[in-house]
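As structure tokens, the structure follows; a few thoughts come after it.
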Amino acid sequence: MTTRSVAATRLMGLALAGLLLAVPGLPIAGAAQTLMNGAGATFPYPIYSKWFDEYTKVDPSVRFNYQSIGSGGGIRQISERTVDFGATDGPMTDEQLKKAPAELIHIPTVLGAVVATYNLPGNPTLLFTGEVLADIFLGKITSWDDGKIKSLNPGVSLPKTPIVLVHRSDGSGTTYIWVDYLSKISKEWDEKVGRGTSVKWPAGLGGKGNEGVAGQIKNTSGALGYVELAYAITNKLPVASVKNASGKFIEPTIASTTAAAAGAANNMPADFRVSLTNAPGDAAYPIASFTWLLVYKDQPDELKGRLLAKFLWWAIHDGQRYPQDLLYAPLPAPVVKQIEEKVKQITFKGKPLVATR
Amino acid sequence: MIGVDANRGGSAHGAPLPRAFFLTPRGSLWGDRIFQGIVYAAVGLFALVMTGIVFALVVESMPAIRRFGLSFVTGQEWDPVKEAFGALPFIYGTLLSSLVGMAIAVPLGIGAAIYLAELAPFWARAPIGFLIELLAAVPSVVYGLWGIFVLAPFLRNWVEPLLGGTLGFLPLFQGPPYGVGMLAAGLILSIMTVPFIATVSREVLLAVPNTQREAALALGATRWETTWIAVLRYGRSGLVGAVLLGLGRALGETMAVTMVIGNRPEIAVSLFAPGYTMASVLANEFTEATSDVYLSALVYVGLLLLAVTVMVNSAARLLVWTVGGSVKGIRE
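Residue numbers (our numbering), protein chains in the order written: chain A, 130 to 486; chain B, 31 to 362.
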């Protein structure tokens, strides 16, 4: 009995030691690989996972683990310090920033756009203004042959059918961008509905996800809704051109989305918490937005902080090669310069982590 | 019934244990004790998990409970931007969609079970039973996609205009045909719950002793009368169990319903109108809910969903107990 129990204790001890050795993140001689945990927005998930994959070729000592649990979850988890970086499609509010245990900074990574798509006989290319879109989503314009739509689209024969509105039912950054635009254009929308990842819709049906909205639009003659630009392009949906702040009707493309950020570069706030909807610039598509990574300005761990800062530097430079293929819009050059300054401000105990070149 | 009998047997064995200790010294008693311990632990674990869930839900929803109180249950407004929250449209949507689903699934499911247990030729029973069980294996997101791309257009183009044209005088069948809405949700739920109801009911009916059938037939009953009086009545409590299982699934089903119900938090009488369920609003809005009150309101909805499920199940059990007495009278 005694010999057996001694042996058992020894075995237990060995097992414990093994467990300790296997804890990831501890620098062990030989196979040192640091695991960076992140969580947040679902919209940029495809480009982030591409980046994380490509980056391990640049620096094999890091491995990323990103969970696309939604912007809300990303903000919560980074605020509770349960992850090394967060990701969000909507900037954090002042209140949320105040609640965080330390100063968080927003790093814009790529851009996305939201487009109006519809189902009409022959699917003509339509032109819209923000005012008309707001009136439609407020339930004030209910038929396709309404005078306001007709006067914007003179050559198009619009049917006398009711507009079946479809919006996102799930909380989403896509919705935030859409209603942020409508709020900027229409006072009535701003007062009655406002901005949010979910809002109280005055009219219409809710579809779950881009595919839910697009599915209902495809099946319903006379339907109108909004989806991400990337989703509209891959599924070849008809998209409307929208009048921008300079009075030009702009077709939503990757180039016109990047142009929205370029237009906003002159008035970029230092913390990058900026809405790009209705941005100035002749070529800017008016319903566009950044998506952000959230990191602590003063990093709690020197090694992780250095690796994270290096990754961010890579993402805004070499990493910008990849968004186009995945139908995200890359950052315009002047904005990259501005973000560089921000990445240089990341510190560990007040000491900068990226060499100032 | 079987469960009660087993309990009785257990307690009868419990009394003479000390004697058994001396008679079988080679460890059977220890075996019993260990077995007992395992079983208690299993039950205790369930109780613990359930208490934990309720506790967590109550704690997390406290901010919303303090702010809205019971008016949350009767409130009809759901505005995340202005942080005004009321859950009545979701409660209504959950109950109505499940009711529609069960109204279709119960006759279908029990009918299929009767066919499989009583009428079908032997060679057909296994394959048909397998097909029905296969329906339960289809993931709910697949039902949802099928709902969007097949069921909803079919309803909009054919079923809803037809119902509106013939039964349009009823408020249930009024309004524009969107395709998606309460009717689509109910239909999807019925398809999803039929396999549960049919499979369990079939087992219940197969467990009915043949003497019941023989007795009824000997009295000159037709096949229909035999099934109705001798088989279904005998298995009544089991059948209710089958229906409750289906109902549980219908009340909590999330993905498929979310994809076809239209997600509009409004109380409308018409089955054509879009609605919203408690499970759907949780699935839709939980991930992107950023403010504390908003998140807490969603957890409150989760708590209410649990409460509604418990209440509906208790009500159904109560119904069985009150009508159960007369059934016993017939049998014994």
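For each residue, glycine too, the CB sits at the ideal point set by N, CA and C.
Bear in mind that the values here come from a model prediction, so they are computed numbers and not experimental data.
Asked                                                                                                                                                         : Found
Should A:T238 be labelled buried (16 or more other beta-carbon atoms within 10 Å of its own) or exposed?                                                      : buried
Pick out the complete alpha helix (DSSP H) segments inside the region 340-370 of chain A, 4 residues or longer, and give them in chain order.                 : 358-363
Go to A:Y305, then tell me how far its beta strand (DSSP E) extends in each direction, as first and last residue.                                             : Premise fails: A:Y305 lies in the alpha helix (DSSP H), 302-314, not in any beta strand (DSSP E).
If we define contact as Cβ-Cβ less than 8 angstroms, is B:D109 a contact residue for chain A?                                                                 : yes
I want to see whether chain B comes within less than 8 angstroms of A:T326, judged by CB atoms only; does it?                                                 : yes
Helix or strand or just coil, what does DSSP make of A:L460?                                                                                                  : coil
Helix or strand or just coil, what does DSSP make of A:K480?                                                                                                  : strand
Starting from the beta carbon of A:P243, find every residue of chain B whose beta carbon is closer than 8 angstroms, and list them in chain order.            : For the record, residue 243 of chain A in the displayed sequence is Val; it is not Pro. What A:V243 touches in chain B: nothing, since even the nearest Cβ is about 15 angstroms away.
Quick one: any contact between the region 321-332 of chain A and the region 104-112 of chain B, if contact means 3 or more CB pairs under 8 angstroms?        : yes
For A:P153 and A:A168, what's the separation of their Cα atoms in angstroms?                                                                                  : Because the pLDDT at A:P153 is just 46, under 50, the model does not fix this residue reliably, and the point stays unresolved.
Applying a beta-carbon distance threshold of less than 8 angstroms, which residues of chain B neighbour A:R198?                                               : Per the sequence shown, residue 198 of chain A should be read as Ile rather than Arg. The contacting residues are T317.
Output yes or no for whether 8 angstroms exceeds the beta carbon distance between B:L247 and B:A143.                                                          : no
Can you check DSSP and say which residues form a bridge with A:A168?                                                                                          : A:Q196, A:G215
On the three-state DSSP scale, how would you describe A:P291?                                                                                                 : strand
Please classify A:P173 as buried or exposed, where buried requires at least 16 other C-beta atoms within 10 Å of its C-beta.                                  : buried
With DSSP as the reference, label A:W330 as helix, strand or coil.                                                                                            : coil
Measure the C-alpha to C-alpha separation of B:L275 and B:L336 and round it to an integer number of angstroms.                                                : 15 angstroms
Any beta-carbon of chain A closer than 8 angstroms to the one on B:F179?                                                                                      : yes
Using 8 angstroms as the limit for Cβ to Cβ distance, is B:Y145 near chain A?                                                                                 : no
How many Å lie between B:G278 and B:N343 at the Cα?                                                                                                           : 8 angstroms
Since A:L294 and A:A332 should fall inside the 8 angstroms C-beta cutoff, what is the C-beta to C-beta distance between them, to a whole number of angstroms? : 5 angstroms
Starting from B:Y208, find everything on chain A with Cβ-Cβ shorter than 8 angstroms and list it in chain order.                                              : V293, L334, T349
B:A280 and B:S231 look like a contact to me (Cβ under 8 angstroms); what is the Cβ gap, rounded to whole Å?                                                   : 16 angstroms between Cβ atoms; not a contact.
Along chain B, which residues have their Cβ under 7 angstroms away from the Cβ of A:I204?                                                                     : T320
So which residues of chain B does A:S178 contact, with C-beta pairs closer than 8 angstroms?                                                                  : None at all; the shortest Cβ gap to chain B is about 18 angstroms.
How far does the beta strand (DSSP E) with A:Y425 in it reach, from first residue to last?                                                                    : 417-425
Any C-beta of chain B sitting closer than 8 angstroms to the C-beta of A:V356?                                                                                : no
Which residue from B:A319, B:W351, B:V331, B:V329 puts its Cα closest to that of A:G201?                                                                      : B:A319
Got a sec: is the Cβ-Cβ distance from A:K495 to anything in chain B below 8 angstroms?                                                                        : It is not possible to answer for residue 495 of chain A, since the shown part of chain A is limited to 130 through 486.
Would you say B:G33 lies against chain A (beta-carbon separation less than 8 angstroms)?                                                                      : Note on B:G33: pLDDT 39, under 50, position unreliable in the model; the coordinate value appears next. No, B:G33 lies away from the interface with chain A (no Cβ there is under 8 angstroms from its Cβ).
For chain B, is any of its Cβ atoms less than 8 angstroms away from the one on A:G434?                                                                        : no
In three-state terms, what does DSSP make of B:A150?                                                                                                          : coil
Does DSSP put B:D62 in a helix, in a strand, or in coil?                                                                                                      : helix
Taking DSSP as the reference, what is the three-state secondary structure of A:Q225?                                                                          : helix
Can you pull out the residues from the region 263-295 of chain B whose beta carbon lies closer than 7 angstroms to at least one beta carbon of chain A?       : T288, M289, G292, N293, R294
For A:P409, which option in A:P288, A:V356, A:K372 has the closest C-alpha, if you only look at C-alpha atoms?                                                : A:K372
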